[in-house]
Amino acid sequence: MPSISRDEVAHLARLARLAVTEEELDTFAGQLDVILRSVASVGEVAAEEIPPTSHAVPLTNVFRDDVVRPGLTREQALAGAPAAEDGRFRVPRILGEEQ
Amino acid sequence: MSDVTRLTAAELAEKIHTRELTAEQVTQAHLDRIGAVDDFVHTFLHVDTEGALAAARAVDAELDEGRAPRSPLAGVPLALKDVLTTDGVPTTCGSRILEGWVPPYDATVTRRLREAGVVILGKTNMDEFAMGSSTENSAFGPTHNPWDHARVPGGSGGGSSASLAAFEAPLAIGTDTGGSIRQPGAVTGTVGVKPTYGGVSRYGLVAFSSSLDQAGPCARTVLDAALLHEVIGGHDPMDSTSIDAPLPPIVEAARRGASADLSGVRVGVVSEFAGEGYQAGVQRSFEAAVDVLRSLGAEVVEVSCPHFVYALPAYYLINPSECSSNLARFDAMRYGLRVGESGDSSAEDVMRATREAGFGAEVKRRIMLGTFALSSGYYDAYYGQAQKVRTLVTRDFDAAFDKADVLVSPTTPTTAFKIGERVDDPMAMYRADLCTVPANLAGNAAISVPSGLSDEDGLPVGLQVMAPALADDRLYRVGAAYEVARDRASGGSLVYRVPELRESGA
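Residue numbers (my numbering), protein chains in the order written: chain A, 102 to 200; chain B, 16 to 521.
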C-alpha cells in the first residue's frame, strides 16, 4: 500500500477547507500514514463478489404526506448565524477578483 | 438528603410518585452534588439549574393534583450528552466551532424526555463531535474517571458515564457510533446500551457518521437503562432511518431477567475477541462472567466471526468518510464560529480559517482521512472495500446468531487508561473500540454491564452482550440476570465501590 506524503496531506487539507499550519502538516502526515497502513488490511479480504453495505438498515425512500407544517421562523434560523443583515445570512464575498 | 443521589432511577421514581420525595428535592440533591464534585470530575459542559428545577416543579404540581405520572421516570433527573440539541440550552458537541450555539429546536430524544417528565440537569462533556475514546478530545478539557482521577472515563460519552459513577445523575443519554456508550460504561462500572440502529431517533443528534450513530440509555442498573430506553425509543417520522415497528418488550425483559434464570438461552463466546492486546485482568473478569452465565443455566458455545478482525479497519474508513461529508456543514456561514474575516477575504478563506481554528486535531485527522478514502483513485481500495467488509461482518453475525441467542465478549480490551497516555497515538486510541465496532457496522444491539474490577489494577471491567437487530430485549434479559448474580456474589452493585470524590471547598 502506498504511504501518504506531506504534500498529499496538504492537498487533502485544501480539499477539506482546513488552513492547517506547517507544524500540523508534519504531525498529521506521520499519523495519517500510520492509520492508513493499519486500515489498509481491509484490502486483504477477497471480496470481489461481495456486495457493499452502505447502511445497516435496508431502507428505500421514506415519504410523508405533502402537507405544509411549521418550520423555523426567519428569526430562529438567523439566531445562530455569525452575521445577518436585512433578514438574511451575511457572507464574505464569494467571487474572486478575476471573476 | 445526600443519600438521594445513591438511589437508582426506579427507586427515585417510586419515591417521587408516592410523594415520599418531591421531584424538586431530588433534582436539588443532584444539582448540589454536581456543585460539590463537578470541579473535580468535570462531567458537565452546561448545568441548566433553572430549567431543571422548573421541570421538576411541573412534575410535582401534576402529582400533587392527583394526576398519574407522565411516565415511569417522571421526575427523575438525567444528564444529556451535548451532541443532542436542546431548544434554548447551549449545544456544543465539545467543539469550539459550536461554542455558545443555542439550538432553535429539540432533538426527538430531548422532546421525549421532556414529555415523559424526565428532568434534564444539563449537557455532558464528550470528545469533539463524538470522535474519540477518552473524552480528551473535548475542546473544553477532559473529564476524569471517578474511579481514578488520573484516568479517562472512556469516550466519546465520558461525561455521561462519569456523571453516573460520580452520583451526579442516576440516568444519562449517550450516543454510540463505534462504542461511545458501551466503552465509557465499561471503564466507569456503569451500564450502557447501544440500541438496534434505527431504534432511537437521530433527529437532532448532530450527525457524525450517519449510518453508525445511535443514541441510547446509560444508567447504573440494567432496569434503569430499560426504563429509559422505553422513554426515548420507537418510531419517529422525523428520522427517515427510524424503524417503523414497536420496540420489543424491554422493561419486561429486564424484570424477567432479574429472576436470574437463563435456562435455554444460548450464549456464544466470540473466539476472535481474546489474546494479544487484551489485558489479563480483563480476560479473567470476562471468563468469570461466562462462568456466571453458565451457572444461571445458559448454554455456552464458542462461535467464530472471522471477519471481526477487519471490523476496526473498516470502521476507521467508513466513519471518517461519513464524518468528512457531515462536517462540511460547518462552513462559518449559518451557525457557529466565524474567524478570519477582513475587507478582502473570500468566503473560502473565512471557511478555511474558521475550520482550522474551530476543529481540534482528531476532527481534522478524521476529515482528512475521510477525504482521502473517498477520493478518486483510492475509493475502491479503501471506502469501497470497507463497505464490503461491512457486509461480511453482518454475515458473520447472522451465522453466529444461528448458533447462539446472544454473543458475549469483553466490552473493551483494557481498563481505563491514563489521561494523556494515548493522545499522540491515534491507533492506540482506536483500539479501545475493537470489540464494539462490529455491532455498529451491522446495526444490531449491544449492552455493556459491569463485570467487576480487574484483579491487577482494581478498575472496572465491562461484559458486552450482543443481540440480533430488533432483539434488544435479549440484552436486558441476559444483562439483568448477570447483574443480579454478580451483585449477589459480591455483596452489592459495583458502582457503590467508587472512592469518595474530592468536593469543592472541602
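All C-beta atoms, glycine included, are put in the ideal place defined by N, C-alpha and C.
These numbers come from a predicted model, not from an experiment.
Contact between Leu490 of chain B and Ala461 of chain B holds, since their C-beta atoms are separated by about 7 Å, short of 8 Å. At least 9 Å separates the CB of Ser104 of chain A from every CB of chain B. Cβ neighbours of Arg410 of chain B within its own chain (closer than 7 Å, five residues either side excluded): none. Straight through space, the alpha carbons of Gln40 of chain B and Leu308 of chain B are spaced by roughly 39 Å.
Listed in chain order, the alpha helix (DSSP H) elements of length 4 or more contained wholly in the segment 37-77 of chain B are 38-56.
By DSSP's assignment, Pro92 of chain B forms a beta bridge with B:Val134.
The contact set of Thr256 of chain B on chain A, defined by CB atoms closer than 7 Å, consists of Val158, Leu160 in chain order. If you compare the alpha carbons of B:Arg85, B:Pro119, B:Leu95 with that of Thr174 of chain A, the shortest gap goes to B:Pro119. Asp163 of chain B is bridged by DSSP to B:Asn160. With respect to chain A, the C-beta atom of Thr386 of chain B has a partner C-beta closer than 9 Å.
Inside the segment 416-487 of chain B, DSSP marks whole beta strand (DSSP E) runs of 3 or more residues at positions 421-425, 460-468, 475-482, from first to last along the chain.
Neighbourhood of Thr409 of chain B in chain A, by CB distance below 7 Å: Thr154, in chain order. In the three-state scheme derived from DSSP, where H, G and I count as helix and E and B as strand, Leu99 of chain B is classed as strand.
Distance from Glu287 of chain B to Val324 of chain B at the Cβ level is roughly 6 Å; contact confirmed, criterion being Cβ atoms closer than 8 Å.
According to DSSP, Arg127 of chain B shares a beta bridge with no other residue. Under DSSP, the beta-bridge partners assigned to Arg189 of chain A are A:Glu186. Taken through DSSP and simplified to helix, strand or coil, Leu384 of chain B comes out as helix. Linking Ser466 of chain B to Asp228 of chain B through their CA atoms gives a straight-line distance of about 26 Å. Exposed is the label assigned to Phe164 of chain A, since fewer than 16 other Cβ atoms lie within 10 Å of its Cβ. Within the segment 470-486 of chain B, Ala484 place their CB atoms closer than 9 Å to a CB of chain A, listed in sequence order.
Taking one beta carbon from each stretch, the segment 118-134 of chain B and the segment 235-246 of chain B have 3 or more pairs nearer than 8 Å; the two touch. Between the segment 328-342 of chain B and the segment 498-510 of chain B, the count of C-beta pairs closer than 8 Å stays below three; the two stretches do not touch. For Pro252 of chain B, at least one C-beta of chain A is nearer than 9 Å to its own C-beta.
Each residue's CA atom was taken as its position, placing Thr42 of chain B and Ala67 of chain B some 7 Å apart. By the beta-carbon neighbour count (other beta carbons within 10 angstroms, threshold 16), Ile196 of chain B is buried. In this structure, Ala419 of chain B and Val493 of chain B do not form a Cβ contact; the two beta carbons are roughly 11 Å apart against a cut-off of 8 Å.
Neighbourhood of Thr406 of chain B in chain A, by CB distance below 9 Å: Ala148, Ile151, Pro152, Pro153, Thr154, in chain order. Only those residues of the segment 111-130 of chain B whose C-beta falls short of 8 Å from the nearest C-beta of chain A are listed: Trp116, Val117, Pro118, Pro119, Tyr120.
The C-beta of Val110 of chain A comes closer than 9 Å to at least one C-beta of chain B. Short of 7 Å from the beta carbon of Val56 of chain B, and not among the five residues preceding or following it, lie these beta carbons of its own chain, in chain order: Thr158, His159, Pro161, Ala177, Ala181, Leu516. For Ser390 of chain B, the nearest beta carbon of chain A is closer than 9 Å to its own beta carbon.
Taken in chain order, the segment 198-227 of chain B contains no complete alpha helix (DSSP H) segment of 4 residues or longer. Taking a C-beta cut-off of 9 Å against chain A, the contacting residues of the segment 359-385 of chain B are Asp359, Ser360, Ser361, Ala362, Glu363, Asp364, Val365, Met366, Arg367, Ala368, Thr369, Arg370, Glu371, Ala372, Phe374, Ala376, Lys379, Arg380, Ile382, Met383, Leu384, Gly385, listed in chain order. Boundaries of the alpha helix (DSSP H) around Pro328 of chain B: 326-341. Of the other Cβ atoms in all chains shown, 16 or more fall within 10 Å of the Cβ of Met146 of chain B; this residue is therefore buried.
Annotation: Val146 of chain A to Val404 of chain B spans about 8 Å, alpha carbon to alpha carbon.
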